[in-house]
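Since the structure comes first, as structure tokens, the remarks are kept for the end.
Number of protein chains: 2
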Amino acid sequence: MSVLVVGSAALDSIETPYGKVDDCLGGSAFFFAATASYFTPVKIVAVVGEDFPMQSIEFLKSRNVDLSGLEVAQGKTFRWGGVYHEDMNQRDTLFTHLNVFETFSPKIPAQVRNTPYVFLANIHPGLQLEVLSQVEDPKLVMLDTMNLWIDTDLTVLKQVLAKVDAVILNDQEARQITGELNVIKAAREVIKLGPETVIIKKGEHGAFIISEDDFFTLPAYPLESLYDPTGAGDSFAGGLIGYLSKVDDLSHQSFRRALVYGTITASFAVEKFSVDRLKDLTMVEIEERRRYLEEITKF
Amino acid sequence: MSVLVVGSAALDSIETPYGKVDDCLGGSAFFFAATASYFTPVKIVAVVGEDFPMQSIEFLKSRNVDLSGLEVAQGKTFRWGGVYHEDMNQRDTLFTHLNVFETFSPKIPAQVRNTPYVFLANIHPGLQLEVLSQVEDPKLVMLDTMNLWIDTDLTVLKQVLAKVDAVILNDQEARQITGELNVIKAAREVIKLGPETVIIKKGEHGAFIISEDDFFTLPAYPLESLYDPTGAGDSFAGGLIGYLSKVDDLSHQSFRRALVYGTITASFAVEKFSVDRLKDLTMVEIEERRRYLEEITKF
Chain A
14 MSVLVVGSAA LDSIETPYGK VDDCLGGSAF FFAATASYFT PVKIVAVVGE DFPMQSIEFL
74 KSRNVDLSGL EVAQGKTFRW GGVYHEDMNQ RDTLFTHLNV FETFSPKIPA QVRNTPYVFL
134 ANIHPGLQLE VLSQVEDPKL VMLDTMNLWI DTDLTVLKQV LAKVDAVILN DQEARQITGE
194 LNVIKAAREV IKLGPETVII KKGEHGAFII SEDDFFTLPA YPLESLYDPT GAGDSFAGGL
254 IGYLSKVDDL SHQSFRRALV YGTITASFAV EKFSVDRLKD LTMVEIEERR RYLEEITKF
Chain B
14 MSVLVVGSAA LDSIETPYGK VDDCLGGSAF FFAATASYFT PVKIVAVVGE DFPMQSIEFL
74 KSRNVDLSGL EVAQGKTFRW GGVYHEDMNQ RDTLFTHLNV FETFSPKIPA QVRNTPYVFL
134 ANIHPGLQLE VLSQVEDPKL VMLDTMNLWI DTDLTVLKQV LAKVDAVILN DQEARQITGE
194 LNVIKAAREV IKLGPETVII KKGEHGAFII SEDDFFTLPA YPLESLYDPT GAGDSFAGGL
254 IGYLSKVDDL SHQSFRRALV YGTITASFAV EKFSVDRLKD LTMVEIEERR RYLEEITKF
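Taken in order, these protein sequences are the chains called A and B. According to this note's numbering, the residues represented by the first sequence are 14 to 312, in order. According to this note's numbering, the residues represented by the second sequence are 14 to 312, in order.
See below:
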């Protein structure tokens, strides 16, 4: 099968206790494609400005990533700057320049509208609805979002939730949407809003999947050094949906394995700045970590 | 085999969003014994005051718990009062009346000095050293402690760490002892202080075991309601060491299974106030949860 991702394309400036980079490749669409493309063909719909360094995404072309939906608009590329402190779970945004992203209106090219797997990466829920009106009978639509939209556009977000098959949230977002403090109860409440499958990310504490009749909980891959957490969530989603598209099987067992692959691909993403670790990563390395995760979780 | 626990005996007054109790059975020795006794004979060394309601521990006698080391001292029993807020991870101590616990000097009765498994529950590290000087050639000594002693008596605590086989810490304590933020690195640093095996509890996020040549990570048992977290750590230790004593096997595989049982017994402990849920709990219920935990973690 193949996956369509509609999301952001950005140039990030990031500072962590380990270093500092300016204008490096960022954005949900690219992090997602960088990991999903290990498993399945990926099609990107996003927007960049005229200043976007196209050579920075050359590596995606070599991996069967279809960039025909990457619009180049007049103006500058979306830029985000942030700093992570010693506790890498906390970050401060230094600046957000939306630039061409401010007027982004996703146009799904005719030839990719029937892509069977769709990932609605984190963009305004109103735009996510626009995407849904353009795709043709997908097998699986998975949604991501963020605290900002939960704060400002919960009504629209709930309209999107009612139309998707699955959603990926972090624990705080699940609590924020439902007002329920217990994260398992919160996830069950999210199911009532529409999605059959709810995936909850807890960062260094792992993730779980919940649906009407299955529950699966997995610790995080144990990392002793974390270099740059930016894009971890999208790299996670890429491994997860990439795997589902590859096996084209939406059974509980398949979702469980997909969560394992998402956990593994995210664990690589945070080991270097930007998508750097995802450029030369090999499937052999992914499989090594999968086997190790199996080894350290069995009893 | 059998287990000796040296710890506190208390009467707790607790308020949670679900209710309020006064002067209920508490203390590390009793929570530990209440779960360990499902697996193995337990011997308690602790002190209570003349006001202690002996009928509150009748249920332990019926479970092969040896109370010959329970000293009744002149004065009042140790009392602790605390309140848990909606986020049950936070609690405020309302009062701590040490009473007879203030001058506790653990005396291990001659007939229990050769107990093969020893749990040094959370008491002053100086007293833990006194216990170690009295026991005779135990197979396994496991240590618990708390942030207070790490703050005030780290030098003495490190003397204890150098003499024990294993230690149970929560993630914050491991960071506090070592000054290392990454909890896996922190656990490795603790190994350098003496214990071969370090067990890190992360509350609702599970636990892991680390040693020179094994690593095992386990999610928490998924609980949708948490009634009273008091004693969760000691109930966890009880299931864990109780299982090790029962099988009398200190292999990595055995420690992994022990962590599973500790996770399960703790999950029951928090479902009612005090030790109430541990009074009528059955081994069948424990095994049911173990099977469920297996089911929701396999991939």
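Note that CB positions come from ideal geometry on N, CA and C, so glycine has one too.
Item, Value
"Just to confirm before moving on: does the CB-CB distance between A/G219 and A/L206 stay below 7 angstroms?", "no"
"Of the residues A/G32, A/I190, A/T310, which one's Cα is nearest the Cα of A/P235?", "A/T310"
"Counting only C-beta atoms, is B/T191 closer than 7 angstroms to chain A at any point?", "no"
"Does DSSP put B/L107 in a helix, a strand or coil?", "strand"
"Please classify A/Q266 as buried or exposed, where buried requires at least 16 other C-beta atoms within 10 Å of its C-beta.", "exposed"
"Give a yes or no on contact between the stretch 282–299 of chain A and the stretch 19–39 of chain B, applying the rule of three or more CB pairs nearer than 8 angstroms.", "no"
"Enumerate in chain order the residues of its own chain whose CB-to-CB distance from B/D150 is below 8 angstroms, with the five nearest sequence positions on each side excluded.", "N127"
"Cα-Cα, which of A/S258, A/S81, A/T116, A/Q103 is closest to A/Q87?", "A/T116"
"Going along the chain, which residues of its own chain have a beta-carbon closer than 8 angstroms to the beta-carbon of B/T276, five neighbours each way excluded?", "G219, A220, L231, A233, Y234, F249, G252, L306"
"So who's on the other strand from B/F228, going by DSSP bridges?", "B/I223"
"Checking 7 angstroms against the spacing of the C-beta atoms, do A/T53 and A/G246 come in under that value?", "no"
"Rounded to whole angstroms, what's the CA-CA distance from A/T168 to B/P138? Just pull it up for me.", "56 angstroms"
"Around the C-beta of B/Q103, are 16 or more other C-beta atoms found within 10 angstroms, so that it is buried, or is it exposed?", "exposed"
"Identify, in the order they occur along the chain, each residue of the same chain with its Cβ nearer than 7 angstroms to the Cβ of A/G314, setting aside the five sequence neighbours on each side.", "Any answer about residue 314 of chain A is impossible in this case: the structure gives chain A only from 14 up to 312."
"Going by the CB atoms, is the gap between B/D184 and B/V173 shorter than 7 angstroms?", "no"
"Using the C-alpha atoms, what's the distance from B/K120 back to B/Q147?", "8 angstroms"
"Using a Cβ-Cβ cut-off of less than 8 angstroms, give me the residues of the stretch 100–128 of chain A that come near chain B, in sequence order.", "D100"
"Pull up the CB-CB distance for A/S15 and A/K56, whole angstroms please, since I reckon it's below 8 angstroms.", "6 angstroms"
"Please classify B/P66 as buried or exposed, where buried requires at least 16 neighbouring CB atoms within 10 angstroms.", "exposed"
"According to DSSP, is A/I309 helix, strand or coil?", "coil"
"With a threshold of 16 other CB atoms inside 10 Å of the CB of B/V297, please say whether the residue is buried or exposed.", "exposed"
"Leaving out five residues on either side along the sequence, give the residues of the same chain with a beta carbon under 7 angstroms from the beta carbon of B/L107.", "G94, G95, V96"
"By the 7 angstroms beta-carbon criterion, what residues does the stretch 191–205 of chain A contribute toward chain B?", "L194, N195, I197, K198"
"Hey, could you find the ends of the beta strand (DSSP E) A/L263 is sitting in?", "No beta strand (DSSP E) holds A/L263; DSSP gives it neither H nor E."
"Check A/N102 in the structure and name its three-state DSSP category.", "coil"
"Which residues in chain A sit within 9 angstroms of B/G219, going by Cβ to Cβ distance?", "H218, G219, T230, P232"
"Considering Cα atoms alone, identify which of B/Y240, B/R304, B/A187 is closest to B/E202.", "B/A187"
"Whose C-beta lies closer than 6 angstroms to the C-beta of A/V154 among residues of the same chain, with five residues either side of it excluded?", "V131, V177, D178"
"I need the straight-line Cα distance from A/D166 to A/L80, nearest angstrom please.", "30 angstroms"
"Around the Cβ of B/D241, are there at least 16 other Cβ atoms within 10 angstroms (buried) or fewer (exposed)?", "buried"
"How about A/R290: is its C-beta nearer than 7 angstroms to some C-beta of chain B?", "no"
"For B/Q141, count neighbouring Cβ atoms within 10 angstroms of its own Cβ and tell me buried if that reaches 16, exposed if not.", "buried"
"Kindly list, in the order they appear in chain B, the residues whose Cβ is closer than 7 angstroms to that of A/I309.", "F228, F229, T230"
"In chain order, which alpha helix (DSSP H) runs of at least 4 residues are fully inside the stretch 179–212 of chain A?", "184–191, 196–205"
"Which residue or residues does DSSP assign as beta-bridge partners of B/K214?", "B/N183, B/A220"
"Looking only at its own chain, which residues have a Cβ that is under 6 angstroms from the Cβ of B/L17, when we skip the five neighbours before and after it?", "K56, V125, T128, V131"
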